[in-house]
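Peer 1: This is the structure, below, for whatever I ask next.
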Amino acid sequence: MEIEQQLAAGVIAAVKSLYDVEISEEMVQVSPTRKEFEGHLTVMVFPFMKQTGKRNPVELGTEIGDWLVANLPLVGKFNVVKGFLNISINASSWLDKLQAIYSNNSYGLQPVTESSPLVMIEYSSPNTNKPLHLGHLRNILLGWSLSQIMEACGNRVVKTNIVNDRGIHICKSMLAWQKWFDGATPESAGKKGDHLIGDCYVAFDKHFKAEVKEILENDPEIQAIVNDDPEKQAEARKAAAEAKSPLMQEARAMLRKWEAADPDVRALWAKMNEWVYAGFDETYKQMGVGFDKIYYESNTYLEGKDLVLEGLEQGKFFRKDDGSVWADFTNEGLDQKLLLRKDGTSVYMTQDIGTAKLRYQDFPIDKMIYVVGNEQNYHFQVLSLLLDRLGFKWGKDLVHFSYGMVELPNGRMKSREGTVVDADDLMASMINDAREVSGDRLADMSDEEKERVFSIIGLGALKYFLLKVNPVNNMVFNPAESIDFNGNTGPFIQYTHARICSILRKAGIDASSTLTIDNSVEISEKEQTLIQKLVDFEGVVLRAGKEYSPAQIANYAYDLAKEYNQFYHDTSILKEEDEQKRNLRLMLSACVARVIKTAMRLLGIDVPERM
RNA sequence: GUCUGGGUAGUUCAAUGGAUAGAACGGAGGUUUCCUAAACCUUUGAUCUGGGUUCGAUUCCCAGCCUGGAUACCA
């Protein structure tokens, strides 16, 4: 049992024994003691004042403290300040804890068995008409990290991805490729497939814009659209002009051909999508992430349509006069939601229903987590109700892991304004920065080894930067300033780990060595603080899993690394002559290194042994 | 309009209802006879406004201001 829990149980017993009053677990708040005060853990006694009838919190705290010292072996001494009961834990209890952590190779991780709950996590979910950008990076890293954390919390995890491979957007790229790209392939163009297709999309948009402008200025039909409100008039004219654009009409015609399974269109579609997948795979590989099962919208949207029609027959949905199919959620406080257009084609929501069906066929899912931006909060609120109505047992409890946008200093990224930060470019530039910062520290390594380390460090900085922020908040990325390698950063934590590895190397300790310490060894305040933080790790992981928050792991890892750096700076380890003290510090270092490594793995960040 | 997030040092981020609101970057200054100076130390500086609940509010409730997002046939 954890020290905090033992203490909390002790306090409950103390109150029961002293005042014959039952208090609940929630009333006992235990937290680390602030640095200014003596003690390790602090219990708030204010909450017990009513039940115990005590008027004076100091008196109450003192009585509980006396009882704890007399009855709880792990409590050494205590002091009371106002209503804060500061408890000092016995040194031997800390040492026991440290030894337990040292000898447990999977410390902090819950076991996963055949009968563990099955959690499916969807993330990335790209469109296939353009390369991945910074926003996708946040999504993918959160999804990957979350799946690691859920596994660490004792769940079986299936990582999944839904690829939005059909629709008007890919038709635009296909059309542009036919018209202006002269049969270019990724090989002939010398660029990744996703980037080539992205270029096509941009080309389409450029020509399309020009067309619309031309029509707006010269077309008499458009000029005839008049509205008293100038804003509304402009909107209406623009919509009419866009619909009238020959390019757009061609794209729509292509989409219809695609839906009719026209062989030529399908062949082109398949070829171009393959290029994109190859490009994405390269990006995923570079990031160090992957999936267990990938779904494609082109395979799932028809399934969704079937389910909707089935639901319609069972009276779960209704049809409007124009033939469109809707779900009514006015009883649940929401609106009506379109499920099938009047022409019978499916919408975004329909596709998600079909995907859910296939997933449930493939896996006995207990919990489904969708990692999708907060712009889709409403969509997932509706999807949850919809799946529940269709009888998916996890529908009601599906988790929309909603995260904020990555913004630039002037606002959000806009592809139209060319302010999108490309994922591949950003990663390459981070790795390059790492190379420059490193100097000649790794001069004795082979070029291959060096590149591996630079890649770990550069990506570590990027990943940590994106993961340390609370997911619900929007975050700001300034492309003009490179991501830091100093301070509260991934490399700082990696550096601490590398440094510990160096110490252990010099002490002649490797994975097979076993350190031992005597329980009577003296333990300093800094050492005790470090052990306390190590003990916290298990709880931090569980909490991060419960609250779906990789940021808590990130902040914990930084805190631990910072604490160790201070310890390192004013404590000698290798030069320590007292063998017991030396072994204690080495054992502590080994534990810190392992916990850092585990925590960083939960974030999807590697830690090199040298840097 | 309606619904829904967010508002904390100059900047980027923290803070299960608890003690003097923490870090980092930036600014100013300092530390290498010892294990990696990507480090360490000192200093500078903030809770949008007004009410309420509470022994105690950045945190919970109400109102207002600022700001992001959604709002039904795009995904």
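Sequential numbering from 128 applies to the first sequence in our numbering.
Yeah, the Cβ is synthetic: ideal placement off N, Cα and C, and Gly gets one too.
1. Using 10 angstroms around the beta-carbon of L429, count the other beta-carbons present and answer buried if the total reaches 16, otherwise exposed.
2. Among residues of its own chain, excluding the 5 on either side of N400, which ones have a beta-carbon nearer than 6 Å to its beta-carbon?
3. Between the C-alpha atoms of F407 and R539, what's the straight-line distance to the nearest angstrom?
4. Let me know the secondary structure DSSP gives F445 once reduced to three states.
5. Note down, one range per segment and in chain order, each beta strand (DSSP E) of at least 3 residues found wholly within the stretch 312–378.
6. Under 7 Å Cβ to Cβ from A136, same chain only, skipping five residues before and after it: list those, please.
7. Given a cut-off of 9 Å on the beta-carbon distance, is the pair I496 and V452 in contact?
8. Please say whether G585 and N559 have beta carbons closer to each other than 9 Å?
9. Closer than 8 Å is the cut-off here; do at least three beta carbon pairs connect the stretch 527–546 with the stretch 259–274?
10. Report the CB separation of L195 from V185 in whole angstroms; it is logged as a contact under 8 Å.
11. Take G431 as the anchor and find which of Y250, L593, L466, L145 has the nearest alpha-carbon.
12. Could you tell me the distance, in whole angstroms, from the CA atom of M154 to the CA atom of V170?
13. When you compare only the Cα positions, how much space is there between A311 and M381?
14. Give me the residue from D332, D391, V208 with the minimum Cα distance to S790.
15. If you draw a straight line from the alpha carbon of E674 to that of D493, how long is it in whole angstroms?
16. Tell me where the alpha helix (DSSP H) around A279 begins and ends.
17. Go ahead and pull the three-state DSSP assignment for P618.
18. Counting pairs of beta carbons, one from the stretch 138–154 and one from the stretch 640–651, are three or more of them closer than 8 Å?
19. Under the assumption that W271 contacts G731 (Cβ atoms under 8 Å), give the Cβ distance between them as a whole number of angstroms.
20. So, at 7 Å on beta carbons, what are the nonlocal neighbours of I352 in its own chain, with the 5 sequence-adjacent residues on each side left out?
21. At what residues does the beta strand (DSSP E) containing S215 begin and finish?
22. Any idea if E149 is buried or exposed, counting beta-carbon neighbours within 10 angstroms, 16 or more meaning buried?
23. Among the candidates I191, D571, D552, whose CA atom is the shortest distance from the CA of L145?
24. Which word fits F694, buried or exposed, when buried means at least 16 other C-beta atoms lie within 10 angstroms of its C-beta?
25. The beta strand (DSSP E) that contains A454, what's its start and end?
26. Which residue comes first and which comes last in the alpha helix (DSSP H) that contains P677?
27. Would you mind stating whether E665 and Y234 have Cβ atoms separated by less than 9 Å?
28. Taking just the CA atoms, how far does I216 sit from H167?
29. Starting from P491, trace the beta strand (DSSP E) both ways and give me its first and last residue.
30. Looking at N288 and P241, is the spacing between their C-beta atoms short of 9 Å?
31. To the nearest angstrom, how far is it from the Cα of H334 to the Cα of M554?
32. At the level of alpha carbons, what is the spacing between F619 and C628?
33. Which class does I644 belong to by DSSP, given the choice of helix, strand or coil?
34. Within 10 angstroms of the Cβ of A638, are there 16 or more other Cβ atoms? Answer buried if so, exposed if not.
35. Mind checking S151: buried by the 16 CB within 10 Å criterion, or exposed?
36. Please report the straight-line C-alpha distance between K708 and S219, rounded to a whole angstrom.
Peer 2: Reading off the structure:
1. exposed
2. T255, D292
3. 23 Å
4. strand
5. none
6. none
7. no
8. yes
9. yes
10. At roughly 15 Å, the Cβ-Cβ gap does not stay under 8 Å, so L195 and V185 are not in contact.
11. L466
12. 10 Å
13. 20 Å
14. Residue 790 is absent from the model: the chain starts at 128 and stops at 738.
15. 17 Å
16. 261–279
17. helix
18. no
19. 5 Å
20. Q360, A363, R364, A367
21. 211–216
22. exposed
23. I191
24. buried
25. 452–455
26. 677–697
27. yes
28. 7 Å
29. Per DSSP, P491 belongs to no beta strand (DSSP E) and is neither H nor E.
30. The question names Pro, but residue 241 in the sequence shown is Glu. No, these two residues do not count as a Cβ contact at 9 Å.
31. 31 Å
32. 14 Å
33. coil
34. exposed
35. exposed
36. 14 Å
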